[in-house]
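**Q**
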Amino acid sequence: MAEHKNIKVVLNGLITENPTFVQLLGMCPTLAVTTSLQNGLGMGLSATAVLIASNFLISLLRKVIPEKVRIAAFVVIIAAFVTLIEMALKAFVPDLADQLGIFIPLIVVNCIILARAEAFASKNSIGKSALDGLGMGLGFTCALCIISAVREFFGAGTIWNIPIYGTVLTPPAIIAMPPGGFIVLGLLIALINYIVAKRKAGADK
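Per our numbering, the very first residue in the sequence shown carries number 1; after that it's consecutive.
(1) Output the residue ranges of the alpha helix (DSSP H) runs that lie fully inside the region 120–168 and measure 4 residues or longer, sorted by chain position.
(2) Comparing C-alpha positions only, which one of I65, A97, I107 sits nearest to A80?
(3) Quick one: what's got a C-beta closer than 7 Å to C111's C-beta in the same chain, skipping five residues either side?
(4) Three Cβ pairs or more, each shorter than 8 Å: is that satisfied between the region 134–148 and the region 25–44?
(5) What separation, rounded to the nearest whole angstrom, lies between the Cα atoms of P29 and I174?
(6) Going by the CB atoms, is the gap between I147 and V50 shorter than 9 Å?
(7) Which word fits D98, buried or exposed, when buried means at least 16 other C-beta atoms lie within 10 angstroms of its C-beta?
(8) Report the residue ranges of all alpha helix (DSSP H) runs contained in full by the region 52–125; include only those spanning at least 4 residues, in chain order.
(9) Can you tell me whether DSSP reads G180 as helix, strand or coil?
(10) Which one of I102, T158, K123, I104 has the shortest CA to CA distance from V64?
(11) Consult DSSP for P172 and reduce its assignment to one of helix, strand or coil.
(12) Return the Cβ separation of I189 and F21 in integer angstroms, given the expectation that the two are a contact with Cβ distance under 8 Å.
(13) Which residues bound the alpha helix (DSSP H) around P29?
(14) Quick check: what's the CA-CA separation for N6 versus Y165?
(15) With distances taken from CA atoms, which of L31, E67, L96 is nearest F182?
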C-alpha cells in the first residue's frame with residue numbers, strides 16, 4: 001500500500017499535475033531554453049535536482065522554520081541549491097552553462113519549486129517530499145524535452161545537433177524563435193487536452 005502511494009506521488013508530477021502541460025507553471029524557462037534538446041534536458045535535470053534537494057531539506061526543517069519567515073527561508077534554501085547546481089554546470093559542462101545563461105540562477109524564483117515547497121514539502125514527510133520533487137522534476141524535464149525536440153526538429157532540422165533532413169528542406173525559422181515556443185506549447189497542450197477528453201469520454205461509456 002505504501003509503495004502504491006509512493007508511485008502515485010511520482011506519477012502525479014509526471015502526468016496528473018504535470019507542471020508545464022497541466023498547471024502551466026514555469027513558462028519563462030519553458031519558452032526561453034527549449035530551442036534545442038540539449039538545453040531542454042539540461043534545464044529540466046537542473047530543476048529536478050533543485051526540486052528534490054529543496055523539498056527534502058524544507059520537509060526536514062518544516063517544524064523548525066517559523067511561520068512568519070517560511071517563504072524567505074524557502075527562497076534561501078532553494079537559492080543555496082541553485083548556486084551549487086550552477087557551480088557544477090560551470091565546472092563540468094561549461095558549454096551548457098553558457099547556453100542556459102541567466103535561466104539557471106532564475107531557478108530560484110521558478111514558481112514550480114516555490115509552489116511545491118509551500119504546497120507539499122512544508123506539510124509532508126521527507127520521503128514523500130523527495131518523491132514529489134522527483135515526480136514534478138521529471139514531469140518538467142519530459143515537457144521541456146518534448147517541446148525542445150519538436151522545436152529543434154522543425155526549426156533547425158536537427159535532433160541533439162545531429163542533422164536529420166540536411167539541405168533537402170528549409171526549416172521554418174519561426175519555430176526556433178520566441179513565437180515558435182508559444183505555437184509549439186499551445187499545440188502540444190491542445191493535443192494533450194484532446195487525448196484526455198477522448199479517454200474520459202471512452203471511460204464514461
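Every residue, glycine too, gets a C-beta built ideally from N, C-alpha and C.
Remember, it's a predicted structure, so these values are computed and weren't measured experimentally.
**A** Reading off the structure:
(1) If we require 4 residues or more, the alpha helix (DSSP H) runs fully inside the region 120–168 come out as 126–156.
(2) The shortest Cα separation from A80 among I65, A97, I107 belongs to I107.
(3) Contacts found: L25, G26.
(4) Judged by pairs of C-beta atoms under 8 Å, the region 134–148 touches the region 25–44, as three or more such pairs exist.
(5) Distance between P29 and I174, taken at the CA atoms: about 18 Å.
(6) The criterion of a C-beta distance shorter than 9 Å is not satisfied by V50 and I147.
(7) Classification of D98: exposed, given that the 10 Å Cβ count is below 16.
(8) As far as the region 52–125 is concerned, its whole alpha helix (DSSP H) runs of at least 4 residues are 70–92, 94–100, 111–116.
(9) Helix, per DSSP.
(10) For the residues I102, T158, K123, I104, the minimum Cα distance to V64 belongs to K123.
(11) Correct three-state label for P172: coil.
(12) So it is a contact: roughly 6 Å between Cβ atoms.
(13) Residues 27–32.
(14) The straight-line gap from Cα to Cα measures roughly 43 Å.
(15) Checking every option, the nearest Cα to that of F182 belongs to L31.
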